[in-house]
Amino acid sequence: MYRFLLTPRWWGINLFVALAIPFCVFMGTWQLGRFEDRVQTHDAATKQPAPGTRAAEPLDDLLPVDKVTSGRPATATGRYADQFLVPGRKLDDRSGFYVLNMLRTDTGKALPVVRGWLPGEPGATPVPAAPTGRVTVTGDLQASENARTTGADARGGLPEGQLGIISAASLINLVPYDVYDAWVTIQDTGSGTADGAGGALRPVPAAAAQGTGLDLKAFQNLGYTGEWFVFAGFVLFMWFRLVRREAEAARDLRLGLVPEAEAGTADGAGTGTGTDGSGKKGEGASPAVGGRTA
């Protein structure tokens, strides 16, 4: 009954099923692994000590920035140079901007330093001047931002002296020196105020490294896991369904059964021929009355 499985058409179907099911299982397992990795990374991040409780380390000892070193206190020594304002940044649900200065270190490279946050619009709010002379900065290390970072503006077209994304890629075109692929946010902003009506700089808290939280992407991985396993089950179900239908068709053919639609065609419909009650065919002439035709 199942010899049809050895036909060329079914060889193709069987090969597709044999490849599709392992592929779906593999993809589902991979998505589940991604979700578990995010859970473990989130747990590890929550167990790490607060940045303020750790001893600061030299900047170069913590590079490159990864999920372990992100948020760690780093120290660097140099002189402040160019200043940029980073608009569109919120703090405690208030709109404002970051004040960022480039720290020219002894290595020749510059470290972007966020000295603090101010409410209002860049250019309309007085900004405290950066310290002069040689300074040692201690701040929480952060990875370069990208287009997915909250508050980042990748559209460009900002006025001169403003910056949309804090990253080496965006700064390298604005300054004539090399830039570290990292930045720090200092928590001790000092008590000085800006000239005029401006207020004191407020410290910008360090953000968790991307991929360390149970965000929407983590639960998307979990959802994709279920989808791939459902696909595998669906392929197997459809294969069994096709096999059953093919087996039933082969059985009907062997028993001589034909579909009812094919048996319902009347041979004599509209042709003047038919069958009498005995099953014999007779002419379709009109009945005679009194030896004559009516």
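Read left to right, the sequence shown gives residues 911 to 1204 (my numbering). C-beta: ideal position from N, C-alpha, C; glycine also.
Item                                                                                                                                                           : Value
Does P1022 get closer than 8 Å to chain D when you measure Cβ to Cβ?                                                                                           : Included in the structure is just one protein chain, with no chain D present.
Going by CA-CA distance only, name the one from E1158, V1145 and N1011 that's closest to F926.                                                                 : V1145
Here's a check: name, in chain order, each residue in its chain whose Cβ is nearer than 8 Å to the Cβ of L995, leaving out the five neighbours to either side. : F1007, Y1008, V1009, L1010, P1032, G1033, V1037, G1071, Q1072 and L1073
Assign N1131 to buried or exposed, taking buried as 16 or more other Cβ atoms, counted over all protein chains shown, within 10 Å of its Cβ.                   : buried
To the nearest angstrom, how far is it from the Cα of F1129 to the Cα of E1137?                                                                                : 12 Å
Sort out for me which residues DSSP pairs R982 with in a bridge.                                                                                               : Answer by DSSP bridge pairing: none, since R982 is not bridged.
Hey, out of C934, P983, V1023 and P918, whose CA is closest to F1141's CA?                                                                                     : C934
How about L1081 and L972: are their beta carbons less than 8 Å apart?                                                                                          : no
Exposed or buried, what is A1039 when buried is set at 16 or more other beta-carbons lying within 10 Å of its beta-carbon?                                     : exposed
By how many angstroms is the C-alpha of A1053 removed from the C-alpha of A1062?                                                                               : 13 Å
Fully enclosed by the stretch 1023 to 1082, which beta strand (DSSP E) runs are 3 residues long or longer?                                                     : 1044 to 1052
Alpha carbons only, please: which of M937, Q1097 and F936 is nearest the one belonging to G1026?                                                               : Q1097
V1047 and T1095: beta carbons closer than 8 Å?                                                                                                                 : no
Please report how far the alpha carbon of F1150 lies from the alpha carbon of A1117, in whole angstroms.                                                       : 52 Å
Which term fits R913, buried or exposed, when burial requires 16 or more other beta carbons within 10 angstroms of its beta carbon?                            : exposed
Quick check: what's the CA-CA separation for P1265 versus T1015?                                                                                               : Outside the modelled stretch of the chain, which goes from 911 to 1204, sits residue 1265, for which no answer is possible.
In whole angstroms, give me the CA-to-CA distance for R1044 and D970.                                                                                          : 19 Å
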